[in-house]
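> Before we start, here is the structure in question, set down as structure tokens.
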Amino acid sequence: MRLGIAHVPEGHAVISQLSVEENIEMGALFRMRSNKADVRIAIQEIYQLFPRLEERKKQLAGSLSGGERQMLAISRALVSRPSLLLLDEPSLGLAPLVVEQIIQTVNDLCRNTGLTVLLVEQNANTALGVADHGILLSLGTVVADLPAAQMKADVALRAAYLGY
Amino acid sequence: MDIFLSAIFAGTSRGAIYALAALGLVLVWRGAGVVNFAQMGQAMFSTYIASTLIAQNYSYWIAFVVALISGGALGALVDLLVMRPLNRKRSSSVLDSPAMRSTVPVIASLGILGVLQAAAGMIWAAEERGFPTPVNSLGLVINGKIMPFTAFDLFVIGIVFVTLVATTYFFKGTGMGLAMRASALNPEVARLSGIRIGFVRTLSWVISGVASSLAGLLVTPSANLSPNTLDLILIIGFTAAVVGGLDSLLGSVIGGFVLGLLVAFVNVYDAPEDIFLAILVVLLTVLIIRPQGILGSKEVRRV
Amino acid sequence: MSKAHSYGRTNLIISILFAAVVFFLSIKFDPYNQGQLAVALMVFIGVLSIVLLTGTSGQISLGQGALMAVGGFAAALGILNLGLSIWLAIALAIIAALLAGLLLGIAAARLSGPYLAGTTLVIALAIPSLATRFESVFGGDVGLNIAFGDPPAWLTSLMSEVGYEQWQLLATLPFATLALFFTSNILSSRTGRTWRALRDHEIAASLAGIKISETKIFVFVISSGFAGLAGVLYGLRGIVGPSVYPISLSLLLLAGAVLGGIRSILGALIGSILVVFLPDLIEWASGSFSPSEQIANYLPAMISSILLILTVVLNPGGIAHGLHHKKRHH
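Chains as they are written, first to last, in the working numbering: chain S, 28 to 191; chain E, 36 to 338; chain Z, 22 to 351.
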């Protein structure tokens, strides 16, 4: 994280016994000493991005819904202002509508701030919907390495690997 | 009535010391996931250092500070030399079972206790020592009547209170405190967030070391110091922490006072030999009726 | 059933071999070492209780010394107040320890890890304090006197002379052998597997129908019986009193178990011999250094504590585990 890479592992990794606020703060701890003001700004921006989290600021993370927890996990990663965000299976266990919401929010963030996101997803449809570039892995080997638009257009590839 | 009062006061001032011991245990439990049975051994060792300094005519306060520093240093040493290597070792089949994984640090801390007691014996022999109090240890005089507690008792209670406030503020209100709580609750996520959990863990050991040294320093003027005298305090401190809730700082302090009062009352109204039995009864009652302790949270009965 | 039978036969052979070797040593050793070996056998029985409780079912107890005290006191009361013979007293001791184990198990079976350790530690301190509390019954700090007595006539006629320590050793031997036999049978049986399941996969075990609490209590009971036996033999050396069964005894047993190998009988044996003979070993090794008395007094404690830490950190399985790299029962 200190190198500017933030990792959001699969399974909405948050600390249930801490509050939403504290979880987010956690992500910024190592920057606190050098840049307190900016951290505060970053946290504000996060709340603008995910207003639901601000509403539930003081609640324990364990009491949030799955989607909210995922938002929280992503927020924690974002508050460190990474240059690269690793998102690992964010859609796991979440309802499609919620997934859409989250992915769109992250997408907007990328467009607005130039953040690079490495998204690992099984849900290819959603992923290709927002990605610039796609790398397709099958059993550990790279099968395709194409700009997303091309991958989407490649019907044969889609049928063989992506199932749609 | 007088006996009752003196029991209350004795209980409160002893309770303050048990509270400190319990606090130390809870600190390491929450910060590092280990119940440190060697804790009062560390306290004993640093108190011996203080005693040596005082015997060589250094002022009480210098000895006090040195003892606290050495307590913290000992804590750090224990973590760095024993606990860290312990946590790294994953390849033995014996450690495959969750039951053994939680047992092994206990055994390690018992070993550390043995080393500390043997070292103290080697360096200072088993001679009992003590040292004077920094404030008056005679009964306070209020309105011309001698009260059954002393300025020193108030001093002890005051220090515990300050410690409790300081540690609570530290944990709830500072970034480092948050880092500690996070590392104890979920080291993986904490690490991902950029927290240096190794450093944080060692810090909890240091703070706990200081707290337990404090307990040792505060109890020694009234009870002589030898390699084994603080063992009783460990037991009572442990029970206090369990009673109050092993994951609650405030709970452990409350537990300490509860047990202090209990011990005092048993001492005065019953027989001193029954103390262990009384402690056992309390411990078992709490574990059966409310295992998470008075203020503990239900989720955390981690194994 | 043949597998069980073959295990049973192997265990029997091993036990007999064990008895034979110790018997042989008993003739060869000088009286001091005979006495030491006797103590080592008593410690061995106590360590076996830890192998069963902690090594096999994963429950830590810092209170085995207190259970030894229960056995010792029960026997002492039996001999002094009821006029029982030594053998009956030993049986009484075991029964008393079994009962104590039942109570202990009921109190402790729901606990684990540090909670269990701390609770058993408090119990270990509370039980000896009972002896001082009820001084008239238990003899207070001074304790009660019991002894192995003189060797029986048939033995002396068989072996010409039988020294005092030798008799202690020979009297302890059959019990140690029995303890070894029972333990090896338990470990290689279905019961042992159930206990190991408790240790390794408690949730899966309960799903498979094993009654967790009952089994845990049962392990406490059985292991307490061993401890009680160790305790009465220990007390028969001369005194039963609080100073005979201090908290350091519980820690000694635990150290012996961990150092030797907490999961195996061989480990128990190695560990027991190690902790009992360690002071002698150190004295012999430091002979050329002649350390001050102050240091010498604490050297055994220091060395065994350091060994304990090293074992737990570097080789948690103990010496026996290090010797046997391939897993057998464990």
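All C-beta atoms, glycine included, are put in the ideal place defined by N, C-alpha and C.
1) Using a Cβ-Cβ cut-off of 7 Å (strictly less than) and excluding sequence neighbours within five positions of S/Gln97, which residues of its own chain qualify?
2) Since Z/Val279 sits in a beta bridge, which residues does DSSP pair it with?
3) Looking at the unbroken beta strand (DSSP E) that takes in S/Ser165, where does it start and where does it end?
4) Consider the Cβ of E/Phe311: report whether some Cβ of chain Z lies at a distance smaller than 8 Å.
5) Below 8 Å CB to CB, which residues in the same chain sit around E/Gly156 once its five sequence neighbours on both sides are set aside?
6) Quick one: is Z/Asn102 buried, meaning 16 or more other Cβ sit within 10 Å of its Cβ, or exposed?
7) So which of Z/Pro337, Z/Leu344, Z/His345 has the shortest CA-CA distance to E/Arg136?
8) Any contact of the stretch 45 to 53 of chain Z with the stretch 96 to 115 of chain E, i.e. 3+ C-beta pairs under 8 Å?
9) Please tell me whether E/Arg336 has its Cβ less than 8 Å away from any Cβ of chain S.
10) Report yes or no: do three or more beta-carbon pairs, one from the stretch 242 to 254 of chain E and one from the stretch 39 to 55 of chain E, lie closer than 8 Å?
11) Any C-beta of chain S within less than 9 Å: which residues of the stretch 185 to 211 of chain E qualify?
12) Taking C-alpha atoms, which residue in S/Ile162, S/Tyr188, S/Val170, S/Thr168 lies nearest to S/Ala176?
13) Chain S partners of E/Asn221, CB-CB under 9 Å?
14) Give the straight-line distance between the Cα atoms of S/Val106 and S/Gly156, rounded to the nearest whole angstrom.
15) Is DSSP giving S/Arg83 helix, strand or coil here?
16) Can we say the stretch 289 to 301 of chain E touches the stretch 84 to 94 of chain E, given the rule of at least three CB pairs closer than 8 Å?
17) When the cut-off is 8 Å and only beta carbons count, does Z/Tyr266 lie next to chain E?
18) Could you give the residue range of the alpha helix (DSSP H) that holds E/Thr255?
19) Using a Cβ-Cβ cut-off of 8 Å, state whether S/Ser107 counts as contacting chain E.
20) Does any C-beta atom of chain E lie closer than 8 Å to the C-beta of S/Phe57?
21) What is the DSSP secondary structure of E/Val70, reduced to helix, strand or coil?
22) Would you please state the rounded distance, in angstroms, between the beta carbons of Z/Phe241 and Z/Ala129? I believe it to be under 8 Å.
23) Going by DSSP in three states, S/Asp172 sits in which element: helix, strand or coil?
24) How about the stretch 54 to 67 of chain Z and the stretch 292 to 303 of chain Z: do they share at least three Cβ pairs that are nearer than 8 Å?
25) Give a yes or no on whether the minimum CB-CB distance between E/Pro120 and chain Z is below 8 Å.
26) Between the stretch 78 to 87 of chain E and the stretch 156 to 168 of chain E, do at least 3 Cβ pairs fall closer than 8 Å?
27) In whole angstroms, give me the CA-to-CA distance for Z/Ala289 and Z/Ser150.
28) Which residues in chain E sit within 8 Å of S/Glu52, going by Cβ to Cβ distance?
29) Give the residues of chain Z in contact with E/Glu308, contact being defined as C-beta atoms less than 7 Å apart.
30) Expressed to the nearest angstrom, what Euclidean distance is found between the alpha-carbon atoms of E/Ala78 and E/Ile230?
31) Quick one: grab the DSSP three-state call for Z/Arg258.
32) When DSSP labels each residue in this structure, what does S/Val144 get in the three-state scheme?
33) Against chain S, with Cβ distances strictly below 8 Å, would E/Val224 count as a contact?
34) Can you look up E/Thr264 in the DSSP assignment and give me helix, strand or coil?
35) Could you round the C-beta distance between Z/Phe196 and Z/Leu257 to whole angstroms and report it? I think they count as a contact, below 8 Å.
36) Are three or more beta carbon pairs between the stretch 311 to 331 of chain Z and the stretch 70 to 90 of chain Z nearer than 8 Å?
Reading from the atomic positions:
1) His39, Pro117, Leu121, Ile129
2) The partner list for Z/Val279 (beta bridge, DSSP) is empty, contrary to what the question assumes.
3) 160 to 165
4) yes
5) Pro262
6) exposed
7) Z/Pro337
8) no
9) At E/Arg336, the pLDDT of 38 sits below 50, so the modelled position is not reliable; the number obtained from the coordinates is stated separately. False, the Cβ-Cβ gap to chain S never drops below 8 Å.
10) yes
11) Gly210, Met211
12) S/Ile162
13) Ala40, Val41, Ile42, Ser43, Gln44, Leu45
14) 25 Å
15) coil
16) no
17) no
18) Counting along the chain, E/Thr255 falls outside any alpha helix (DSSP H), and DSSP gives it neither H nor E.
19) yes
20) yes
21) coil
22) 7 Å
23) strand
24) yes
25) yes
26) yes
27) 29 Å
28) Gly210, Leu213
29) Ser150, Thr153, Arg154
30) 29 Å
31) coil
32) strand
33) yes
34) coil
35) At roughly 11 Å, the Cβ-Cβ gap does not stay under 8 Å, so Z/Phe196 and Z/Leu257 are not in contact.
36) no
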